[in-house]
Amino acid sequence: MAILALKKGISAEIYKYRSTFVFWFVLLAPAFIPAINLIAFLRRGDAIVARGGTAWENLMQFSSGPANFLFPFFVIIVALFVNTIESNSNTWKLIYAQPLSRLNVFCSKMLVYIAMLFCSLMLFGLMTYAVGWLVHLANPDLGFADPFNLWHLLGNCFTIFLATLGFGSIHFYLSQRTKNLILPLGIGVGGIVSFMILVQGWEYARYHPYGYHVLSSGPVGTENFSLWSHMEPVYLSLALAAVVFSIAAIDTQRKRII
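Counting the sequence shown from 1 gives a position; my numbering is that position plus 48.
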C-alpha cells in the first residue's frame, strides 16, 4: 500500500509540473551551454583546437567550466519552483487534505526533485556529446572523429549529480520552510561565492558543500581520467543529503501551521 501511495504521489507531482515553466526549464536549461559551444566550435573550432589538446578535450573544458558555475543556480531554482507552487497558490491545506500522508507528499516531491536534477545532467552529457558529432559533420578535419568514451562522460555527470545532492537537499528544505524566495537564493549565492574564495588556499575547502560537484568532476576526454578518483566529495554529499532530507521529513511530519 505504501508503494502504491507513493506511486500516486509521484504521478500527481509529475502531472502538476507537466504544463508549467519547471518542466520546460528542466528540459531546455541543459541545452544552454551545448548550444553556445556548438556555435563557438562551428565558427572558431580550428582556432580553439590550435591552442593545444584534442578536439574532445577542448569541448569538455568549454563545457565543464561554465557548467560547474551555473549548475548550482539551476539546482537552487528547481528547488524553489518545486516547493513554491503550493505556497504561491496557498494550496498546502488542500494537499494535506488528500488521502496521502504528509510523509508520502514529502517523499514524492523529494524524488521528483532528485529525478529532475538527474535527467538534466544526463541530458547535458548527451547534448555535449552530440555537439562533438555535429561539429564533426560540419568540419571532419577538426578531430572529433577520434575515439571518445561516452560512458565516461555520462559517468562523470552521474558523480556530479550525486555530489550536488548535498547542497541540493539544503535548498529543498529551505524552500519548504520559507515562502521568501530571496532567502534561499541569497544563501545559495553566498555558498557558491564563499567556496570560490576558500578553494584558493584553505585546506578544508573540500568539506564545503557548495563545492562537492566541482571537486568530484574529473578531466573527461583525457588519458588521466578515472571515474573513481574523486569520490570523497560524493560520499560527503550523500551523507549530508541523507541527514538533511531526514530532518526535512521529520519537520514535515511535525509541522502544524501550513
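We put the CB at the ideal spot given by N, CA and C, even for glycine.
Cβ-based burial, residue i [other Cβ within 10 Å; buried from 16]
i    : result
K55  : exposed
Y283 : exposed
S111 : buried
N197 : exposed
I245 : exposed
L118 : exposed
A115 : buried
S294 : exposed
Y63  : exposed
S59  : exposed
G100 : exposed
T207 : buried
A98  : exposed
Y252 : exposed
L52  : exposed
I218 : buried
F220 : buried
F243 : buried
Residue span of the alpha helix (DSSP H) that contains residue i, given as start and end
i    : result
K157 : R150 to A186
W250 : Counting along the chain, W250 falls outside any alpha helix (DSSP H), and DSSP gives it neither H nor E.
T226 : First-last for T226: undefined, no H or E at that position.
F69  : F69 to L76
Simplified DSSP state of residue i, which is helix, strand or coil
i    : result
I305 : Summary for I305: the model assigns pLDDT 46, below 50, so the residue's position carries little reliability, and this model does not support an answer.
R99  : coil
P82  : helix
G191 : coil
F256 : Reading off the sequence shown, one finds His at residue 256, where the question assumed Phe. Coil, per DSSP.
F196 : coil
M279 : coil
R66  : coil
S264 : coil
Integer Cβ distance of residue i from residue j, believed to fall under 8 Å
i    : j    : result
M175 : P78  : 6 Å
F215 : G239 : 6 Å
F89  : I96  : 7 Å
Q301 : R150 : 6 Å
C-beta neighbour in chain C for residue i, strict 8 Å
i    : result
I245 : Judged by its chain identifiers, the structure shown contains no chain C, having just a single protein chain.
Is it true that the region 221 to 231 meets the region 177 to 193, where meeting means three or more beta-carbon pairs spaced less than 8 Å apart? With a cut-off of 8 Å, the region 177 to 193 and the region 221 to 231 do not count as touching, because too few Cβ pairs lie within range.
Is the region 147 to 158 touching the region 190 to 197, taking contact as three or more C-beta pairs under 8 Å? A contact between stretches requires three or more CB pairs, one per stretch, nearer than 8 Å, and the region 147 to 158 fails this requirement with the region 190 to 197.
Counting pairs of Cβ atoms below 8 Å between the region 63 to 78 and the region 118 to 129, do you hit three or more? yes
How about the region 159 to 168 and the region 244 to 261: do they share at least three Cβ pairs that are nearer than 8 Å? no
Contact between the region 206 to 215 and the region 283 to 298: three or more CB pairs below 8 Å? yes
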